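Novice: Residue numbers (this note's numbering), protein chains in the order written: chain B, 312 to 636; chain Y, 312 to 636.
Where is the CB? At the ideal position from N, CA and C, for every residue including glycine.
Remember, predicted model here, so these are calculated numbers, not experimental data.
Protein chains: 2
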Amino acid sequence: MYTISEIDSIVEKSFLNLKIEGTPQSLYEPIEYMMGIGGKRIRPRLCLITYTLFSNLINKEVIYPSLAIEIFHEFTLIHDDIMDKADTRRNQLTVHKKWGDNSAILSGDVMSIMAYKYLCACEQDKMSALLELFTKTASQVCEGQQYDMDFESMPFITQEDYINMIGLKTGVLIACAAEMGAIMGGADEAVCKSLYNFGFLIGLAFQITDDYLDTFGNEQIFGKKIGGDIVNNKKSWLLVECIRLATGEKRTELNRIMAMDENQNAEKIASMQNLYVDLGIKESAKKKILEYHDKAMDVIRNIGLSDVQIEQLSIFAEQIIHREK
Amino acid sequence: MYTISEIDSIVEKSFLNLKIEGTPQSLYEPIEYMMGIGGKRIRPRLCLITYTLFSNLINKEVIYPSLAIEIFHEFTLIHDDIMDKADTRRNQLTVHKKWGDNSAILSGDVMSIMAYKYLCACEQDKMSALLELFTKTASQVCEGQQYDMDFESMPFITQEDYINMIGLKTGVLIACAAEMGAIMGGADEAVCKSLYNFGFLIGLAFQITDDYLDTFGNEQIFGKKIGGDIVNNKKSWLLVECIRLATGEKRTELNRIMAMDENQNAEKIASMQNLYVDLGIKESAKKKILEYHDKAMDVIRNIGLSDVQIEQLSIFAEQIIHREK
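Structure representation (structure tokens):
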């Protein structure tokens, strides 16, 4: 079995060696840019981690499909950034900000196709299973994004709505990465499905961590401005919980904060942070993250994995929930 | 062998039976709309025509991949319409005009994935070949659209640039349809490649016919306003040829027409039509269409096809170049 840092280095090297080339340059340059500005690469990492639980042979037939998941993910980010009118990502200008909406639409489109190209580099006898899983997942990610957009214009959504949405938008692709690795590694079907569920729950923990860091993270480490979700009244886990809990004076305070305009951003962020702390939401978010982490770990016990295999997944899961960026 | 009108009816029925469903409805409704407003379905028709040259068994394993090509094509139309800021298509509001840019981006994205889903309904032993061809083609279509956008801001392009662009934007997908049918029908590789080339050349004839009809078509039959390309100074085959040929007074006239603003649309269209006629471009466009048609027919002679098989392709080719809509 490879160590996680060995896998990280394989993933990093693979991205460095990835040849994004083609003509016209105006189409491929934004893709190269987007793939180059980094990211946590957690999907290909998880894919190779679950793969190496079952096989030690890492070759292009395995690496390329793992990269396919990340390429698909990056494509969704480019299109999401257009829809969200986001100016920056990872401290860099977003693709549509740098090249315009049209180029961002089209470069994203070609990345989505590129994802299939890399996916199809898998071994022939795995192709059908991987394609079915990936294609179903890819549709669900789009569904999640549509729910996210629909929620923006709704005054009230429940935690169930929220979890359903992030399950689609974030959970299923991480789940897909985990299961794809297991399928390619030759794990039996029940184990593959358990690893899917593990990935899904880790994905939920990952997203709530993201929401938490957007409000309570360290700007220097997190790499983007703290409070973006608050400024945009984005229905994060924290805000959905706040809407659920705030009554009386707290509800008045919540409404006051949400009505603040863009000249009051600093005050808006500070006031909302205080309200979250007052209502115990800062703490309950952390608890919720831990809860999903624990559920994820429960899923992979008693399915026939060795302690060493479980430990490997546990290290990854810990990294996800204790991250600061 | 099926007659072409039998194939047409299979294609039409297949689209009627296509279940576009899923949640949220806000994501799938635009897709259903787009698939419902018709189109000439020439790609799935050609795919089934080439298939039935070699096999008489039409089942879902063949129909679904043929629909995949059309679904992909419709996806590109949705995104192209955003980029072109087009208000109508097939006499109906475009998706982005009806639901907004964000929904149009996302519905297009999910259609691109849906295309892969239907493609993968093919027989297992054909999957790898079909995926490779389709994925390469899909990237090329995006490249063609990028060239088309890039050309908009260029004062001058050559006929070679133009043919290269429409080859990518239109030719390769029709070529892909023709070859996919042949692959699924079990034709040998050389025949598959020849049918690809046939489709490609027919695709060029198809696009120049489109350009011709946009300027000289019958509005009632064509189904959209005549002169759209002229109004937008769109670098159609006619305009590229006009830029090449117009010198002296004609060049002055061309510049005068192209500089007209949106209050002079009717005059702009009439003047440009006259200039095209004066310079013989109306006639040379028709000749060029016939030239590509004849080249396409040449490609499929002497590759071992029977007269009956060639006749079938000839009927299709004639329909493409003699169409009025």
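1. So with Cβ pairs under 8 Å, would you call ASP459 of chain B a contact of chain Y?
2. Taking CB distances under 8 Å as the criterion, tell me whether PRO335 of chain Y reaches chain B.
3. Identify whether LEU601 of chain Y lies in helix, strand or coil by the three-state DSSP scheme.
4. Cα separation between GLY510 of chain B and SER582 of chain B?
5. Since CYS431 of chain B meets chain Y, which of its residues come closer than 8 Å, beta carbon to beta carbon?
6. For ASN508 of chain Y and VAL483 of chain Y, I'd like the C-alpha separation in whole angstroms.
7. Could you tell me which whole alpha helix (DSSP H) segments of length 4 or greater appear in the segment 522-600 of chain B?
8. Applying the criterion that 16 or more other CB atoms from any shown protein chain within 10 Å of the CB defines a buried residue, is ASN370 of chain Y buried or exposed?
9. Leaving aside the five residues before and after PHE467 of chain Y along the sequence, list all residues of the same chain whose C-beta is less than 8 Å from its C-beta, in chain order.
10. Who are the neighbours of SER505 of chain Y on chain B, taking C-beta pairs under 7 Å?
11. Can you pull out the residues from the segment 380-396 of chain Y whose beta carbon lies closer than 7 Å to at least one beta carbon of chain B?
12. Of all Cβ atoms in chain B, is any one closer than 8 Å to the Cβ of TYR427 of chain Y?
13. Considering only residues of the same chain and omitting the five flanking positions on each side of GLY514 of chain B, which have a CB-CB separation below 8 Å?
14. Is there at least one Cβ from chain Y nearer than 8 Å to ALA488 of chain B's Cβ?
15. Near TYR429 of chain Y, what residues of its chain come up, given a Cβ to Cβ distance below 8 Å and the 5 sequence neighbours on each side ignored?
16. Which residue or residues does DSSP assign as beta-bridge partners of GLN403 of chain Y?
17. Between PHE517 of chain Y and GLU471 of chain Y, what straight-line distance do the alpha-carbon atoms span, to the nearest angstrom?
18. MET465 of chain B: buried (16+ other C-beta within 10 angstroms of its C-beta) or exposed?
19. Please classify ASP609 of chain Y: is it buried, with 16 or more other beta-carbons within 10 angstroms of its beta-carbon, or exposed?
20. Could you tell me which whole alpha helix (DSSP H) segments of length 4 or greater appear in the segment 451-503 of chain Y?
21. Once the 5 residues before and after LEU524 of chain B are set aside, which same chain residues still bring their CB inside 6 Å of it?
22. Within its chain, find whatever has a CB closer than 6 Å to the CB of MET425 of chain Y; leave out the 5 residues flanking it on each side and keep chain order.
23. Drop a sphere of 10 angstroms on the beta-carbon of LEU601 of chain Y, count the other beta-carbons inside from all chains shown, and report buried for 16 or more, exposed for fewer.
24. Counting Cβ pairs, one atom from each stretch, are 3 or more of them under 8 Å apart for the segment 408-423 of chain B and the segment 433-453 of chain Y?
25. Going along chain B, which residues have a C-beta under 8 Å from ILE424 of chain Y?
26. Nearest-angstrom Cα distance between ASN328 of chain B and ILE580 of chain B?
27. Quick one: residues in its chain with C-beta nearer than 8 Å to the C-beta of GLY349 of chain Y, no 5 flanking neighbours on either side, listed in chain order?
28. Determine the DSSP secondary structure at ASP395 of chain Y, reduced to helix, strand or coil.
29. For VAL322 of chain B, which residues of its own chain have a beta-carbon under 7 Å away from its beta-carbon, when the five flanking residues on both sides are left out?
30. Just how far apart, CA to CA, sit GLN584 of chain Y and THR526 of chain Y?
31. Assuming GLU372 of chain Y and GLU434 of chain Y are in contact, meaning their beta carbons sit under 8 Å apart, how far apart are those beta carbons, in whole angstroms?
32. Quick check on LYS351 of chain B: does DSSP put it in helix, strand or coil?
33. With 16 as the cutoff for other CB atoms within 10 Å, does ILE626 of chain B come out buried or exposed?
34. List, in chain order, every chain Y residue whose beta-carbon is nearer than 7 Å to that of ILE416 of chain B.
35. Can you round the beta-carbon distance between LEU506 of chain B and ILE611 of chain B to whole angstroms, since I take them to be within the 8 Å contact cut?
Specialist: By the coordinates alone:
1. no
2. yes
3. helix
4. 35 Å
5. SER439, LEU442, GLU443 and THR446
6. 9 Å
7. 530-533, 539-542, 548-556, 559-569 and 576-589
8. exposed
9. ILE554
10. Neighbours of SER505 of chain Y on chain B: none; closest Cβ ~25 Å, over 7 Å.
11. HIS390, ILE393 and MET394
12. yes
13. ILE477, GLY478, THR481, GLY482, VAL483, LEU484, ILE485 and ALA486
14. no
15. TYR375, PRO376, LEU378, ALA379 and ILE382
16. Y:ARG400
17. 17 Å
18. exposed
19. exposed
20. 470-477 and 483-496
21. PHE533
22. ILE382
23. exposed
24. yes
25. SER423, THR446, ALA449, SER450 and CYS453
26. 41 Å
27. ARG401
28. coil
29. ARG352, PRO355, ARG356 and LEU359
30. 7 Å
31. 5 Å
32. coil
33. exposed
34. HIS390, ILE393, MET394 and ILE416
35. 7 Å
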